[in-house]
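2 protein chains.
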Amino acid sequence: MDEALPPMVDAETVVSERPRDHKAELRLWLRLLTCATLVEDEVRSRLRNRFDVTLPRFDLMAQLHKAPDGLTLSQLSSRMMVSNGNLTALVERLVEAGQIERRNSGSDRRVVNVVLTPAGSAAFARMASQHEDWIAGFFDGLDEAEIEQLMVLLGKLKASTRAAIHPTGPTP
Amino acid sequence: MDEALPPMVDAETVVSERPRDHKAELRLWLRLLTCATLVEDEVRSRLRNRFDVTLPRFDLMAQLHKAPDGLTLSQLSSRMMVSNGNLTALVERLVEAGQIERRNSGSDRRVVNVVLTPAGSAAFARMASQHEDWIAGFFDGLDEAEIEQLMVLLGKLKASTRAAIHPTGPTP
DNA sequence: CTGAATCATTTTAAGCTTAAAACAGTTGGT
DNA sequence: ACCAACTGTTTTAAGCTTAAAATGATTCAG
Numbered sequence: 042m043d044e045a046l047p048p049m050v051d052a053e054t055v056v057s058e059r060p061r062d063h064k065a066e067l068r069l070w071l072r073l074l075t076c077a078t079l080v081e082d083e084v085r086s087r088l089r090n091r092f093d094v095t096l097p098r099f100d101l102m103a104q105l106h107k108a109p110d111g112l113t114l115s116q117l118s119s120r121m122m123v124s125n126g127n128l129t130a131l132v133e134r135l136v137e138a139g140q141i142e143r144r145n146s147g148s149d150r151r152v153v154n155v156v157l158t159p160a161g162s163a164a165f166a167r168m169a170s171q172h173e174d175w176i177a178g179f180f181d182g183l184d185e186a187e188i189e190q191l192m193v194l195l196g197k198l199k200a201s202t203r204a205a206i207h208p209t210g211p212t213p
Numbered sequence: 042m043d044e045a046l047p048p049m050v051d052a053e054t055v056v057s058e059r060p061r062d063h064k065a066e067l068r069l070w071l072r073l074l075t076c077a078t079l080v081e082d083e084v085r086s087r088l089r090n091r092f093d094v095t096l097p098r099f100d101l102m103a104q105l106h107k108a109p110d111g112l113t114l115s116q117l118s119s120r121m122m123v124s125n126g127n128l129t130a131l132v133e134r135l136v137e138a139g140q141i142e143r144r145n146s147g148s149d150r151r152v153v154n155v156v157l158t159p160a161g162s163a164a165f166a167r168m169a170s171q172h173e174d175w176i177a178g179f180f181d182g183l184d185e186a187e188i189e190q191l192m193v194l195l196g197k198l199k200a201s202t203r204a205a206i207h208p209t210g211p212t213p
């Protein structure tokens, strides 16, 4: 059918005049998701098999490790990008396991602070070192420059996505 | 202790002699995960609010859309990268909703084939078009060249990760 | 000081997810 | 034909996840 079009319009123009499809972006998104899933699933599996710990628990402990003075549940849910209600049970299980400790805030009785116990801190240090090596292994096919390029491009994507999600209305 | 070392060794050398840390890879992984989570959570939320459908259901329908002749449960679980047992309930709910149909394979009585119903196909087409626009919106801050670069770099990462996960032992 | 709005957390209901075990059907070697 | 190994699916138990509603605590304008 397209062969019958007058040859005045070249392929370039046809493309630019279409309502515009976004197949390239879609394929890129699927590839990004594939990479994330591959790595995440393998990390989950290794954490379970070698340390008998789940990925969400590891993530929570990682956040506490980065914040030695502890975090509130709200801070945790925001940094882990999970819902608030999620944390109640997760924290409960880690407390039972002796890895973390709940502390009531002195000033605000609504607030619950959470801190790693010494045992939790030691357990996390052991796991984190392995974890870092695993990640390095997954990225082994990329050289330093490529890692840097990816870092920059994903930085742009992060900003672009945030902008699309939280549109700043025109300030009148 | 290290301060007692003779000053023959400069910082550069010290770095290269360390067991090697992999902070750059780790930070890149966290950034990649952040991007994936940002996009995925927003897509999940829009699918729920605008089409009253969950992301896993959308994903399953997308796979069936790409395979008009239908897929077995094993094919689905492998393409969606989720566990086998996961699909049983997911398929059941979509069948109840009239979006898909189960068909027993003629040749192998173990196999269950799944196909979109006409209603499911129409519903998916409606959603997919919006979905594609949402994704394009998230990538709006990147130009064509950057999208292409990301595609290439993530292709490398995918290959590298697969290699790390399924090591091909030395063939003796 | 009081009540409305806000905030931090918990609860609830539904659904998703996995790993591992169980089941059922098929295949290949003898 | 037989049985062992394998394959495709389902079941089970435990845990994760979300959205939405509920609870309890704080803040602040009036």
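Chains E and Y are the protein sequences, given in the same order.
42 is the number of the first residue of the first sequence in this note's numbering; add one for each residue after it.
42 is the number of the first residue of the second sequence in this note's numbering; add one for each residue after it.
All C-beta atoms, glycine included, are put in the ideal place defined by N, C-alpha and C.
Since the model is a prediction, treat every value here as computed from it, not as a measurement.
Asked: Determine the DSSP secondary structure at arginine 61(Y), reduced to helix, strand or coil.; Found: coil
Asked: Here's a check: name, in chain order, each residue in its chain whose Cβ is nearer than 8 Å to the Cβ of serine 57(E), leaving out the five neighbours to either side.; Found: Annotation note: pLDDT 49 at serine 57(E) (below 50); position unreliable, no value reported.
Asked: Roughly how many whole angstroms lie between the Cα atoms of methionine 192(E) and glutamate 187(Y)?; Found: 12 Å
Asked: Which residues does DSSP list as the beta-bridge partners of arginine 143(Y)?; Found: Val155(Y)
Asked: Please report the distance separating the alpha-carbon of valine 80(E) from that of serine 162(Y).; Found: 32 Å
Asked: Pick helix, strand or coil for leucine 183(Y), following the three-state DSSP scheme.; Found: coil
Asked: Classify threonine 95(E) as helix, strand or coil using the three-state DSSP reduction.; Found: coil
Asked: Any contact between the region 163–183 of chain E and the region 121–131 of chain E? By contact I mean 3 or more CB pairs, one from each, below 8 Å.; Found: no
Asked: Label glutamine 140(E) either buried or exposed according to how many other C-beta atoms from any shown protein chain fall within 10 Å of its C-beta, with 16 as the threshold for buried.; Found: buried
Asked: Nearest chain E C-beta to serine 162(Y) closer than 7 Å, yes or no?; Found: no
Asked: Whole angstroms is fine: what's the gap from arginine 17(Y)'s alpha carbon to arginine 68(Y)'s?; Found: For residue 17(Y) there is no data in the structure shown, the boundaries of chain Y being 42 and 213.
Asked: Would you verify that the beta carbon of isoleucine 141(E) is, or is not, closer than 7 Å to some beta carbon of chain Y?; Found: no
Asked: Cutting at 7 Å between CB atoms, please list the residues of its own chain near alanine 204(E), excluding the five before and the five after it.; Found: none
Asked: So, does the CB of aspartate 100(Y) fall closer than 7 Å to a CB anywhere in chain E?; Found: no
Asked: Note the first and the last residue of the continuous alpha helix (DSSP H) segment covering glycine 126(E).; Found: 125–137
Asked: Say whether chain E places a C-beta atom closer than 7 Å to the C-beta of alanine 205(Y).; Found: yes
Asked: Beta carbons nearer than 8 Å to chain Y: which residues of the region 74–92 of chain E have them?; Found: Leu74, Thr75, Cys76, Ala77, Thr78, Leu79, Val80, Glu81, Asp82 and Glu83
Asked: Under 8 Å between beta-carbons, which chain E residues line up against glycine 15(Y)? List them in chain order, please.; Found: Summary: the structure shown does not reach residue 15(Y), with chain Y confined to residues 42 through 213, and so no result is reported for it.
Asked: Strictly below 8 Å CB to CB, what residues from chain E border aspartate 110(Y)?; Found: Result: empty, since nearest Cβ-Cβ is about 21 Å, beyond 8 Å.
Asked: Shortest alpha-carbon distance to tryptophan 175(E) belongs to which of Trp70(E), Asp82(E), Asn145(E) and Glu185(E)?; Found: Asp82(E)
Asked: Output needed for arginine 183(E): all residues of its chain with C-beta closer than 8 Å, excluding positions within five of it in sequence on either side, in chain order.; Found: Note that residue 183(E) is leucine in the sequence shown, not arginine. Result list for leucine 183(E): Leu191, in chain order.
Asked: Please work out which residues of its chain come closer than 8 Å, Cβ to Cβ, to valine 136(E), disregarding the five sequence neighbours upstream and downstream, and give them in chain order.; Found: Glu142 and Arg143
Asked: Does any C-beta atom of chain Y lie closer than 7 Å to the C-beta of leucine 114(E)?; Found: no
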